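All residue numbers for the sequence shown refer to my numbering, where the first residue is 1151 and numbers rise by one. What follows is a short report on a single structure.
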Amino acid sequence: MYTGERVTLNCRVGGDPAGWEYLWYKDTQGAALPNTDSSRTDGSSYTISSAAPTHSGEYWCRAVRGTQTFHSHYSDTFNLNISEVYTGERVTLSCGFGGDPAGWEYLWYKDKQGAALPNTDSSRTDGSSYTISSAALSHSGEYWCRAARGTQTFHSHYSDTLNLNISVLAAVFYFAKLTEGRPRASLTVDPRVSEVFIGEPITLCCAIRGSEENSSWKYTWKKQENQEVLLLVNGEDTSAFTLNNTEEADSIYYWCEANNGNTMIQSNHHKLKVTARPEAVLVLESKWTTVFPTERVTLRCDIKSSITGWSYEWLKDDQLLNKTGNSNRYTFTASAQSESGQYTCNGHLTTRAVTSNISSPITLWVKGEKPKPVITQDPPGAEVYTGERVTLSCGFGGDPAGWEYLWYKDTQGAALPNTDSSRTDGSSYTISSAALSHSGEYWCRAARGRGSFYSEFSYSRTLNISAPPQAELTVQSGWTEVFPTERVTLRCEIQGSSTEWMYRWYRDGQELPVDKADSSSGNGDTYTILSADQSHTGLYSCRGELTERGVQSTICSAVKLSVSTPPQAELTVQSGWTEVFPTERVTLRCEIQGSSTEWMYRWYRDGQELPVDKADSSSGNGDTYTILSADQ
1151 MYTGERVTLN CRVGGDPAGW EYLWYKDTQG AALPNTDSSR TDGSSYTISS
1201 AAPTHSGEYW CRAVRGTQTF HSHYSDTFNL NISEVYTGER VTLSCGFGGD
1251 PAGWEYLWYK DKQGAALPNT DSSRTDGSSY TISSAALSHS GEYWCRAARG
1301 TQTFHSHYSD TLNLNISVLA AVFYFAKLTE GRPRASLTVD PRVSEVFIGE
1351 PITLCCAIRG SEENSSWKYT WKKQENQEVL LLVNGEDTSA FTLNNTEEAD
1401 SIYYWCEANN GNTMIQSNHH KLKVTARPEA VLVLESKWTT VFPTERVTLR
1451 CDIKSSITGW SYEWLKDDQL LNKTGNSNRY TFTASAQSES GQYTCNGHLT
1501 TRAVTSNISS PITLWVKGEK PKPVITQDPP GAEVYTGERV TLSCGFGGDP
1551 AGWEYLWYKD TQGAALPNTD SSRTDGSSYT ISSAALSHSG EYWCRAARGR
1601 GSFYSEFSYS RTLNISAPPQ AELTVQSGWT EVFPTERVTL RCEIQGSSTE
1651 WMYRWYRDGQ ELPVDKADSS SGNGDTYTIL SADQSHTGLY SCRGELTERG
1701 VQSTICSAVK LSVSTPPQAE LTVQSGWTEV FPTERVTLRC EIQGSSTEWM
1751 YRWYRDGQEL PVDKADSSSG NGDTYTILSA DQ
């Protein structure tokens, strides 16, 4: 492209274009260009109305939508080179439009849309091109064209303006005289890029074209950086110059000057941007650094550069792996602990002698065997009752990130639906209200990598669900018929349970408080009436309770406790008479009528308790008293 020309760059994304807006960037992917030159409101085209050398450079675009919340990738780079036209150069302007070109003739105008230019410089009979064989300063100006047909009875619209600026080729150091038809020096660069990296070798070539191209030329190489012109090579025979030690710079201009003793000519300027070598960034796509046998590991190497065409090297512990190529991903299936180590990567440009910086390492630990999770239970213990809430938890040591858990019952076939789980990763399995059908063997195992890797199954956990047991009540004091002031002890227990139950007591269906007259042990399994009275008469029952688990046993069968006035003993003389003579045998009997209680009896004479002496005899429970040989 030449100065003064109109240039339009277009940007598009595939698919539905609705809603996209476009941003443009020049020489850097930093701040976007202002959209003042755009011919469309969405910015999909970027128009330079009159090109100047300052418009030269690298251009990118990218699309955005949704109030700039989503950006597409950057486009590939487009290099725009705007060249100046120098005196003596051959310049051709072309005019045309879409459709059938037959029958059209073209008219050319300079500086005003009045009289058409004579067509003496045109290389085509229809005038569609206008050629200036040897440019002069007077050729600078504004140019238009338009088409005509039908003996010029119909004219098209005028074209857009093209500004043509003819410059004098600078030769300020030698003051050479500009003459028409002089030779030209053309600078080319290998590789043909405008951005290079520190230390990248660059070869500049100076080619002579024109009438004196076979003369013996001497070449001088110069560069301009930060407004300072520096001499690199002076008067050498070779037309090529190689840069081996480039340093970082935003903008350096290189050119050559050729001199054959009669003529000095200067080449076009080539702008180079020298940047630091790109960084390689290693990403662990599989997310976790501790891996297990058969697990798939994927590493990705990202080169922080807009330049494409990289090949990649992969290293472990600074040793090159056999895996190289154009893919920026390295995938392997872990199989041995020897695969543990520090992994790094770097990139090589396939068409240039450029190597990125090596990435920071990622350390992988490959275990010798798959992990085996462990199941824990809440509440703990083997006894779980219907209606209880039970939670089984699955886990193992190490980083839990990325794992999801599967549960199995009675078979290691299909996993249980996760409807009872209280966590999104499934690490706990909760039964809200246990039923007998929940009894069985449970296993769990862990998975990660979207189900591509599974741990071993855990050991099984047996869950036994049973109905709450029934409490049993016993009267430890031995009898249910008691008398005032007697001490009565009741005991409540649940047979065959190792669980720490707490007990509640009831009389006639009402829960009993522990009052001053009564005593209950720490867990309430015994209930003692210290001194019975009539108010203690009633039906007594009890039940066990697991307070923290919300479980109650079945209530026991009730025991009736009766408190009554003590009965009166009746004394009879079994020998039949109350007047006896010496040596006679006398038998007295004491009994309580209507009572089944095993009474023990005591005997008294004149208010004094009688001992059972050698002369007297008393039965086992003392209900009879015998005088073996009466005396005074």
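We put the CB at the ideal spot given by N, CA and C, even for glycine. Quick caveat, the model's predicted, so the values are computed rather than measured.
Spatially closest choice to residue i from the options, by CA coordinates
i     : options                       : result
R1641 : D1261, G1628 and I1352        : G1628
Q1469 : I1457, C1495, Y1480 and C1451 : C1495
L1314 : H1307, Y1293, H1305 and I1705 : Y1293
F1391 : K1473, Q1718, V1723 and L1354 : L1354
S1200 : Q1487, S1577 and G1291        : G1291
V1278 : T1370, S1244 and H1307        : Inspection of the sequence shows that residue 1278 is occupied by Ser rather than by Val. Cα-wise, what sits closest to S1278 is S1244.
R1097 : S1417, Q1684, T1474 and G1180 : This structure leaves residue 1097 out entirely; the chain is present only between 1151 and 1782.
R1539 : A1585, F1607, R1450 and C1594 : A1585
L1778 : S1485, L1760, E1734 and Y1754 : E1734
S1477 : N1269, D1340, G1349 and L1499 : L1499
L1465 : S1490, F1442 and S1485        : S1490
S1543 : Y1535, D1575 and D1467        : D1575
P1341 : E1720, T1776 and V1504        : V1504
N1412 : V1433, K1368 and L1432        : K1368
G1700 : S1583, L1566, T1561 and C1295 : S1583
Y1404 : H1223, N1229 and V1379        : V1379
Counted within 10 angstroms of its Cβ, other Cβ atoms place residue i as buried (16 or more) or exposed
i     : result
P1618 : buried
D1781 : exposed
W1673 : The question names Trp, but residue 1673 is Asn in the sequence shown. N1673 comes out exposed.
S1509 : buried
F1247 : exposed
Q1758 : exposed
G1264 : exposed
L1287 : exposed
A1682 : buried
N1394 : exposed
A1532 : exposed
N1384 : exposed
S1707 : exposed
E1155 : buried
D1400 : exposed
H1420 : buried
N1409 : buried
L1756 : First, the residue type needs correcting, since residue 1756 is Asp and not Leu in the sequence shown. Classification for D1756: exposed.
K1522 : exposed
W1254 : buried
V1346 : buried
R1598 : buried
G1300 : exposed
Element boundaries [beta strand (DSSP E), containing residue i]
i     : result
R1162 : From DSSP, R1162 is part of no beta strand (DSSP E); its letter is neither H nor E.
E1386 : E1378 to E1386
E1533 : E1533 to Y1535
A1408 : A1399 to N1409
C1451 : R1446 to I1453
K1368 : K1368 to E1375
D1528 : V1524 to D1528
F1228 : F1228 to L1230
S1691 : G1688 to L1696
D1109 : A question about residue 1109 goes unanswered here, because the residues of the chain that appear run from 1151 up to 1782.
C1123 : This structure does not reach residue 1123, given that the chain is present from 1151 up to 1782, and the question cannot be answered.
T1242 : V1241 to S1244
Close-in-space but distant-in-sequence residues of the same chain around residue i (CB under 7 Å, 5 per side omitted)
i     : result
S1506 : R1427, P1428, E1429, A1430, I1453, N1496 and G1497
E1239 : A1285
T1687 : L1711, S1712 and V1713
S1366 : N1410
Y1555 : C1544, D1575, G1576, S1577, C1594 and A1596
Cβ-Cβ separation, residue j to residue i (assumed contact under 8 Å), whole Å
i     : j     : result
E1171 : V1235 : E1171 to V1235, Cβ: 36 Å. No contact.
T1130 : I1316 : Lying outside 1151 to 1782, the shown extent of the chain, residue 1130 is not represented and no answer is given.
T1197 : T1158 : 5 Å
W1460 : C1406 : Not a contact, Cβ separation roughly 32 Å.
T1444 : F1607 : Between F1607 and T1444 the Cβ distance is about 15 Å, and since that is not below 8 Å, they are no contact.
Same chain only: Cβ atoms within 8 Å of residue i, ignoring 5 sequence neighbours per side
i     : result
I1644 : P1619, Q1620, A1621, E1622, W1651, G1694 and S1703
P1717 : I1742, Q1743, G1744 and S1745
N1771 : E1748, W1749, M1750 and Y1751
W1515 : T1439, T1440, V1441 and S1490
T1715 : F1633 and P1634
Contacts around residue i, its chain only, beta-carbon distance under 6 Å, and the 5 residues preceding and following it disregarded
i     : result
R1739 : T1722, Q1724 and T1774
F1731 : none
A1326 : Below a pLDDT of 50, predicted positions are generally treated as unreliable, and A1326, at 33, falls in that range; no measurement from the model is reported.
L1471 : W1464
V1709 : L1623 and Y1690
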